[in-house]
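Residue numbers (my numbering): 28 to 544. Glycine is no exception: its CB is placed at the ideal position from the N, C-alpha and C atoms.
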Amino acid sequence: MQVQTINVEIKKTLEILGVNLINDGTSTGSENFSNGEIIESISPVDGHLIAKVKSTSAADYEQVITTATEAFKIWRTVPAPKRGDIVRQFGNKLRQRKEALGKLVSYEMGKSYQEGLGEVQEMIDICDFAVGLSRQLHGLTMHSERPGHRMYEQYHPLGVVGVISAFNFPVAVWAWNVALAWVCGDVCVWKPSEKVPLCGVACQKIAAEVFAENNLPEGISSLINGDYKVGEFMSKDSRIPLISATGSIRMGKIVAKEVAGRLGKSLLELGGNNAIIVTPDADIKMTVVGAVFGAVGTAGQRCTSTRRLIIHESIYEKVKQALVDAYGQLRIGNPLDENNHVGPLIDKEAVNMYKAALNKVVEEGGSIIVQGGVLSGNDYQSGCYVKPAIAEAKPDFEIVQHETFAPILYLLKYSGDVENAIAIQNNVVQGLSSAIMTNNLREAERFLSVAGSDCGIANVNIGTSGAEIGGAFGGEKETGGGRESGSDAWKVYMRRQTNTINYTTELPLAQGIKFDL
Ligand code: NAD
């Protein structure tokens, strides 16, 4: 794709997706309205204003929740496989709009076009998964201790599910939630990040089209927009039994407290501080590819980005040199130009955090071995392009313990056994993704054992980023403990009911308790 034609291309993309220059950011389906402040969507790619979105006022929010609550009463009675068919249709529409939506993701958020397409593919994959799941929302049956009694468990939908999402996966995280929640019989209200509101508008339009074509009620999918204040409408609202929130640990702590205060459920997907352990038996070539993609992909703005490399001292210099060479090959620039490896950070605030982290690592005694810096000039007009940097550091530096959402990779050295590397890896508050590069079976198994990685994701000979939808996704400790996407993650979107049926004329009590009248 030619960079010069981007503006025309983007205009066409917005047209295909039905995104206008000013959009109502509140929607219950075909009904779009908004009375809140204006949010401007500025592209980090070139600094241009793409379009504006009106945010959701308190009164708009009330209308959304009323409509969603009414829609739930109908949606929950639609048989689950039929709900699955609706999700299948939604997945097909995503297939048709994949290029357009992928391009908008790339332009509004700044990730590469390939990663934008990958994000939409992930939406399609989770729809396929959910279609199959719609016939498998199984409960167990169990034997009753009482004669003539039958016992089983069944799952019912929860109601209105609130989805709060982060800027870095502007469309996929919503899809992970809604595809499962919809087949489970829930209706969803989504607040995307205020940094990427147009992606939210585009997705909601696709969903609304499907529900309207099937004569299903408004409000099975609703969109609200705005900053944390709009997020607070949801976390405080006892009409929303489940809040699925993706974002920083800081946000997660606030939302968790609020939701727990009203005894609601929260599903939290928060920050990571992901490491790859590189042992003396590692394949160095694979290690370098995995580490570089993990550290600079999405400009280091994935929750699973590789932030720490824990390298055995015997191969430390070799790995370090290979990384320095690889970083020398990186091309930084417009993410819609497929020749580039690294795009911009989301905004100038993120650039400031990147600069502060590089200063801090030096202050704490680290040394920068691949220099960072902010790029300027015609190709970097937005002011959001930074050079991926590598620093040698110590595991207990404050900055190394912290997730900086930018392409900074810390090299940490270990000696002795793999247990020492595992201890370094686990000694952070976050627990999302982890990896080991080794051809030594014993090391790999120790890493995966009960005394190994304490993260929600632990990979062998794969980097930390790039999960598939089939597995449950999420992390431990301050990453929040939530699980989304594949496996049995669907259970969080449902309530479990245990049923016991007596088909005798007697009323025996459990545990043999006697109660004669
Ligand atoms: P953020 O915490 O600033 O914002 C995330 C969302 O929360 C936004 O929609 C925001 O408006 C909302 N929000 C903020 N404060 C709130 C409050 N008090 N009440 C209700 N809502 C509130 O995060 P971000 O900068 O958009 O995203 C980056 C962070 O997200 C990183 O820490 C990253 O690791 C994390 N993340 C985690 C996962 C995961 O699956 N674990 C996935 C993607 C991103």
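Contact set for residue i: own chain, Cβ-Cβ below 6 Å, skip 5 residues either direction
i           : result
residue 80  : 50, 52, 66, 224 and 252
residue 327 : 433 and 434
residue 31  : Caution is warranted here: a pLDDT of 42 is assigned to residue 31, below 50, making its placement in the model unreliable, and no coordinate value can be reported.
residue 526 : 179
residue 274 : 193
residue 430 : 298 and 300
residue 82  : 52, 63, 64, 66, 252 and 253
residue 228 : 46 and 50
residue 448 : 304, 337 and 441
residue 516 : 499 and 510
residue 404 : none
residue 418 : 388, 393, 395 and 437
residue 340 : 440 and 442
residue 26  : Past the edges of the chain, shown from 28 to 544, lies residue 26, and the structure says nothing about it.
residue 125 : 147
residue 98  : 214, 244, 246 and 247
Pair within 7 Å by beta-carbon distance, residue i and residue j
i           : j           : result
residue 216 : residue 249 : yes
residue 181 : residue 166 : yes
residue 502 : residue 510 : no
residue 314 : residue 460 : no
residue 334 : residue 379 : no
residue 74  : residue 409 : yes
residue 443 : residue 420 : no
residue 134 : residue 37  : yes
residue 415 : residue 323 : yes
residue 190 : residue 201 : yes
residue 185 : residue 522 : yes
residue 321 : residue 492 : yes
residue 371 : residue 412 : yes
residue 85  : residue 157 : no
residue 231 : residue 61  : no
residue 271 : residue 204 : yes
residue 95  : residue 317 : no
residue 218 : residue 258 : yes
residue 507 : residue 295 : yes
residue 453 : residue 481 : yes
Proximity test, residue i beta-carbon vs the ligand NAD heavy atom, cut-off 6 Å
i           : result
residue 281 : yes
residue 191 : yes
residue 262 : yes
residue 298 : yes
residue 274 : yes
residue 259 : yes
residue 230 : no
residue 381 : no
residue 424 : no
residue 220 : yes
residue 278 : yes
residue 254 : yes
residue 195 : yes
residue 215 : no
residue 154 : no
residue 330 : yes
Cβ-Cβ separation, residue j to residue i (assumed contact under 8 Å), whole Å
i           : j           : result
residue 111 : residue 214 : No, residue 111 and residue 214 are not in contact; Cβ-Cβ is about 16 Å, not under 8 Å.
residue 303 : residue 490 : 6 Å
residue 118 : residue 132 : In fact, because the Cβ distance is near 17 Å, the residues do not count as touching under 8 Å.
residue 164 : residue 107 : 6 Å
residue 466 : residue 264 : At roughly 52 Å, the Cβ-Cβ gap does not stay under 8 Å, so residue 466 and residue 264 are not in contact.
residue 395 : residue 385 : 7 Å
residue 426 : residue 391 : 6 Å
residue 276 : residue 496 : Residue 276 to residue 496, Cβ: 24 Å. No contact.
Beta-carbon proximity list for residue i, same chain, < 8 Å, skipping 5 on both sides
i           : result
residue 101 : 243 and 244
residue 537 : 172 and 173
Sequence-distant residues of the same chain with beta carbon closer than 7 Å to residue i, five excluded per side
i           : result
residue 423 : none
residue 472 : none
Contact test: residue i Cβ vs the ligand HEM heavy atom, cutoff 6 Å
i           : result
residue 154 : Summarising the ligand content, the structure contains the ligand NAD and does not contain the ligand HEM.
- Is the number of C-beta pairs between the segment 168 to 181 and the segment 529 to 539 that are closer than 8 Å three or more? yes
- Validate contact between the segment 191 to 206 and the segment 122 to 137 using beta carbons, cut 8 Å, 3 pairs: yes
- Is there contact between the segment 224 to 238 and the segment 120 to 130, where contact requires at least three CB pairs shorter than 8 Å? yes
- Query: Do the segment 450 to 464 and the segment 368 to 385 meet, that is, are 3 or more Cβ pairs less than 8 Å apart?
  - Reply: no
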